[in-house]
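Residue numbers (our numbering): 5 to 231. A short worksheet on the structure shown next.
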Ligand SMILES: Nc1ncnc2c1ncn2[C@@H]1O[C@H](COP(=O)(O)OP(=O)(O)OP(=O)(O)O)[C@@H](O)[C@H]1O
Ligand SMILES: [Mg+2]
């Protein structure tokens with residue numbers, strides 16, 4: 005593995021099993037060596053969420069090695085399970101690293117809100133936000149925490165098409181920015197999203213396929229469905 009300036013993630017023959025089960029992840033090897041929007045697709049139960057838990061360090065491999073020089077942050081399907089505070093500002097205050105001086109707090113929070121197109125929402129009560137706005141607030145939380153690896157587990161599954169597009173657009177912008185682009189891994193069952201990513205792979209039989217363009221993976225899945 006060649007460490008890059010922007011960080012990297014590598015799985016080397018990683019296996020994992022939940023108690024009383026066989027290997028959900030089985031000798032899985034893959035790497036991500038540059039920022040971008042990377043999508044994972046796969047059947048229910050194929051191990052996508054388990055992979056995210058391994059990447060985030062919440063669970064440890066049974067065998068194999070994980071190298072990660074990025075700082076991961078999870079974004080879940082339902083933002084109501086993630087957001088805890090009454091307003092956008094108080095929510096983001098929770099995620100600010102303790103090393104940030106008090107004088108820089110406001111600037112950091114405001115800039116994170118602007119990056120997710122919520123620049124006017126500083127004092128907005130969270131219960132008045134739409135689902136898509138809440139999901140973008142979760143992204144802002146990851147940004148203020150100084151994360152540079154977003155692990156998005158079906159982040160648009162509960163959203164209408166317009167909110168889905170807004171979340172997708174923001175993540176694409178963050179991962180393809182000319183200044184400090186971040187890395188995002190995005191799990192989806194909404195196959196039309198594949199056309200927006202920088203690379204996609206299929207999770208199957210405990211492993212991950214090679215990275216291909218989103219449109220190629222879309223075609224592969226469609227032709228499998230037609231068989
Ligand atoms: N906390 C857990 N304890 C025991 N087994 C688990 C746990 N989490 C997941 N599993 C099992 O691991 C396998 C993979 O589950 P996982 O949630 O990783 O799949 P997934 O690809 O994310 O599925 P989906 O598309 O439905 O979200 C399943 O058989 C599941 O029952
Ligand atoms: Mg899952």
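Where a beta carbon is used, it is the ideal one built from N, C-alpha and C, also for glycine.
Query	Result
From residue 72 to residue 80, what distance separates their C-alpha atoms?	21 Å
How long is the line joining the alpha carbons of residue 33 and residue 61, rounded to whole angstroms?	16 Å
So residue 28 and residue 70 are supposed to be a Cβ contact under 8 Å. How far apart are they, rounded?	That belief does not hold up - the Cβ atoms of residue 28 and residue 70 are roughly 15 Å apart, past 8 Å.
Are the beta-carbon atoms belonging to residue 66 and residue 20 less than 8 Å from one another?	yes
Please name the residue in 162, 164, 146, 194 whose C-alpha comes closest to that of residue 175.	146
Using three-state DSSP, classify residue 76 as helix, strand or coil.	strand
Between residue 214 and ligand 3, is there a pair consisting of the residue's CB and a ligand heavy atom that are separated by less than 7 Å?	In terms of ligand content, the structure shown lacks ligand 3 and carries ligand 1 and ligand 2 instead.
Measuring straight from C-alpha to C-alpha, what distance separates residue 190 and residue 196?	13 Å
Beta-carbon separation of residue 122 and residue 140 under 8 Å?	yes
From residue 234 to residue 102, what does the alpha carbon distance come to, in whole angstroms?	Since the first residue of the chain shown is 5 and the last is 231, residue 234 is not available in this structure.
Quick one: residues in its chain with C-beta nearer than 6 Å to the C-beta of residue 168, no 5 flanking neighbours on either side, listed in chain order?	160
Touch check for the segment 210-224 and the segment 177-191: three-plus C-beta pairs under 8 Å?	no
What residues in its chain sit with their C-beta under 7 Å from that of residue 51, if we drop five residues either side in the sequence?	28, 29, 207, 210
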